[in-house]
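Step one of this worksheet: look at the structure below.
In this note's numbering, the protein residues as written are 1048 to 1475.
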């Protein structure tokens, strides 16, 4: 208990890490304001067709597919802090341009360009975090990042909805631009970086990266992943679950229009409930032993998500709002458990100098499903109805999670040596 307290205190007193973390939190909070405002602008002000609405997640995912793994190699090669500053500044400028977009034909390219910057920013942020904290603090860092994502999911929709009641969507988009500017200024205030690995007396692992070409680093990243059974299994497990989840992820509005057509705010309340569930489970996971145990957390996460999705599909018209909040809370609990464990697994089983590449590959792989799954979900819901599809997708995810629980020892052997041997093979 004393050691855990000491570790947590030392991480929170890492001034450089906390500035990077605060910048990340500021940007994430602004993104939720922006996302809600764009939905209102496109759906209610422009009256965009369902096909045009389906193109939004495609525009957001396409840059990650094309640039994800290359962006990860660039994050390992370049100065991570300067890269994050540049991304924040350009994102703020592009967000200002979104204010003047007259229609979807202008909006979609701007959203794609912003997504391309996020594709660069995400592996740089993860890689910098890996360098700033000690290995025994990785679970704490992953939990804090998860708290930002899920905490923003609570506050963003609620405060965004309140703001939209008094302001236009353009004001909320402007607020995101201002918060991105604040994130840039926070990163600009960091003058010197003292890494956790350097503090522990270990040599800086990323120094040789500057001598390698991007193509060589890209090959090393993929070679390392393909030789690491544990990471490869985690990546396939995450890809399979994402492919199933994304089929219905953009169809909650279709479902709620059937059993609660007069309650337009219900989706926002459910999103807030998922955020609350995720925050609570992340706080609990941060207190648990972080070594190993990937299988039961990943598998149980899918079981909880699948069960709640199926339960939402079984709701009847006029169902109490309490059921929606309860199922949303369970969904968020499963999502928080899975995402924190998944990100921790990638950081823990990857050496610091390859963290950016692995997270870049992960961004590419998981974004690939965003091209197919939402469009497939739209077709299935249109012809079979949202309730039926939600139940079937929930059951499919339940089966996947149960398989992860039953086969966890075979799928995720708790052996760090596997990753170390993969590093040696990747550089040969």
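Cβ coordinates follow ideal geometry from the N, Cα and C atoms, glycine included. Predicted, not measured: the structure shown is a model, and the values here were computed from it.
Along the alpha helix (DSSP H) that carries residue i, what are the first and last residues, could you check?
{"i": "residue 1220", "result": "1216–1235"}
{"i": "residue 1161", "result": "1151–1179"}
{"i": "residue 1001", "result": "Outside the modelled stretch of the chain, which goes from 1048 to 1475, sits residue 1001, for which no answer is possible."}
{"i": "residue 1394", "result": "1368–1395"}
{"i": "residue 1275", "result": "No alpha helix (DSSP H) holds residue 1275; DSSP gives it neither H nor E."}
{"i": "residue 1306", "result": "1299–1306"}
{"i": "residue 1131", "result": "1127–1146"}
{"i": "residue 1061", "result": "From DSSP, residue 1061 is part of no alpha helix (DSSP H); its letter is neither H nor E."}
{"i": "residue 1359", "result": "1341–1360"}
{"i": "residue 1184", "result": "No alpha helix (DSSP H) holds residue 1184; DSSP gives it neither H nor E."}
{"i": "residue 1443", "result": "1433–1453"}
Between the C-alpha atoms of residue i and residue j, what's the straight-line distance to the nearest angstrom?
{"i": "residue 1053", "j": "residue 1118", "result": "Any reading at residue 1053 must be qualified, since the residue scores a pLDDT of 43, below 50, and its modelled position is unreliable; the value itself is stated next. So the alpha carbons of these two residues sit roughly 35 angstroms apart."}
{"i": "residue 1321", "j": "residue 1427", "result": "24 angstroms"}
{"i": "residue 1121", "j": "residue 1359", "result": "42 angstroms"}
{"i": "residue 1151", "j": "residue 1300", "result": "20 angstroms"}
{"i": "residue 1457", "j": "residue 1170", "result": "29 angstroms"}
{"i": "residue 1365", "j": "residue 1373", "result": "16 angstroms"}
{"i": "residue 1088", "j": "residue 1154", "result": "11 angstroms"}
{"i": "residue 1273", "j": "residue 1279", "result": "6 angstroms"}
{"i": "residue 1112", "j": "residue 1148", "result": "25 angstroms"}
{"i": "residue 1454", "j": "residue 1448", "result": "10 angstroms"}
{"i": "residue 1408", "j": "residue 1367", "result": "42 angstroms"}
{"i": "residue 1422", "j": "residue 1292", "result": "13 angstroms"}
{"i": "residue 1131", "j": "residue 1099", "result": "31 angstroms"}
{"i": "residue 1245", "j": "residue 1435", "result": "Because residue 1245 sits at a pLDDT of 40, beneath the cut-off of 50, its placement in the model cannot be relied upon, and the following sentence gives the value as read from the coordinates. Cα to Cα, the separation comes out at about 54 angstroms."}
{"i": "residue 1238", "j": "residue 1127", "result": "13 angstroms"}
{"i": "residue 1325", "j": "residue 1346", "result": "16 angstroms"}
{"i": "residue 1106", "j": "residue 1184", "result": "35 angstroms"}
{"i": "residue 1348", "j": "residue 1382", "result": "6 angstroms"}
{"i": "residue 1252", "j": "residue 1410", "result": "Low local confidence applies: a pLDDT of 41 at residue 1252 is under 50, so the model's placement there is unreliable, and no value is given."}
{"i": "residue 1380", "j": "residue 1125", "result": "36 angstroms"}
{"i": "residue 1061", "j": "residue 1172", "result": "16 angstroms"}
{"i": "residue 1084", "j": "residue 1429", "result": "26 angstroms"}
{"i": "residue 1159", "j": "residue 1376", "result": "31 angstroms"}
{"i": "residue 1236", "j": "residue 1071", "result": "14 angstroms"}
{"i": "residue 1363", "j": "residue 1306", "result": "6 angstroms"}
{"i": "residue 1404", "j": "residue 1135", "result": "20 angstroms"}
{"i": "residue 1242", "j": "residue 1432", "result": "Unreliable positioning characterises residue 1242 in this predicted model, as indicated by a pLDDT of 48, which lies under 50. A coordinate reading is not provided."}
{"i": "residue 1450", "j": "residue 1268", "result": "28 angstroms"}
{"i": "residue 1459", "j": "residue 1416", "result": "23 angstroms"}
{"i": "residue 1331", "j": "residue 1093", "result": "43 angstroms"}
{"i": "residue 1340", "j": "residue 1424", "result": "33 angstroms"}
{"i": "residue 1146", "j": "residue 1231", "result": "20 angstroms"}
{"i": "residue 1250", "j": "residue 1175", "result": "Here the model assigns residue 1250 a pLDDT of 37, short of 50, so the residue's position is not dependable, and the following value carries that caveat. Roughly 16 angstroms between the two C-alpha positions."}
{"i": "residue 1281", "j": "residue 1266", "result": "20 angstroms"}
{"i": "residue 1254", "j": "residue 1391", "result": "Because the pLDDT at residue 1254 is just 42, under 50, the model does not fix this residue reliably, and the point stays unresolved."}
{"i": "residue 1319", "j": "residue 1263", "result": "43 angstroms"}
{"i": "residue 1123", "j": "residue 1277", "result": "22 angstroms"}
{"i": "residue 1378", "j": "residue 1157", "result": "31 angstroms"}
{"i": "residue 1412", "j": "residue 1284", "result": "11 angstroms"}
Would you mind giving the Cβ-Cβ distance between residue i and residue j, rounded to the nearest angstrom? I have them listed as a contact below 8 angstroms.
{"i": "residue 1384", "j": "residue 1327", "result": "So it is not a contact: roughly 10 angstroms between Cβ atoms."}
{"i": "residue 1356", "j": "residue 1297", "result": "Going by Cβ atoms, the distance from residue 1356 to residue 1297 rounds to 13 angstroms, so no, they are not a contact pair."}
{"i": "residue 1233", "j": "residue 1069", "result": "6 angstroms"}
{"i": "residue 1452", "j": "residue 1343", "result": "6 angstroms"}
{"i": "residue 1103", "j": "residue 1295", "result": "About 16 angstroms; that fails the 8 angstroms criterion."}
{"i": "residue 1394", "j": "residue 1177", "result": "6 angstroms"}
{"i": "residue 1073", "j": "residue 1110", "result": "With a Cβ gap of about 22 angstroms, residue 1073 and residue 1110 do not count as contacting."}
{"i": "residue 1063", "j": "residue 1137", "result": "That pair is no contact at about 23 angstroms."}
{"i": "residue 1371", "j": "residue 1313", "result": "6 angstroms"}
{"i": "residue 1082", "j": "residue 1414", "result": "Actually they do not touch by this definition, with Cβ atoms about 16 angstroms apart."}
> Between the region 1284–1304 and the region 1349–1361, do three or more beta carbon pairs fall short of 8 angstroms?
Replying inline: Yes: at least three Cβ pairs fall under 8 angstroms.
> Do the region 1219–1226 and the region 1139–1152 meet, that is, are 3 or more Cβ pairs less than 8 angstroms apart?
Replying inline: The region 1219–1226 is in contact with the region 1139–1152.
> Counting pairs of beta carbons, one from the region 1225–1239 and one from the region 1063–1082, are three or more of them closer than 8 angstroms?
Replying inline: Yes, the region 1225–1239 is in contact with the region 1063–1082.
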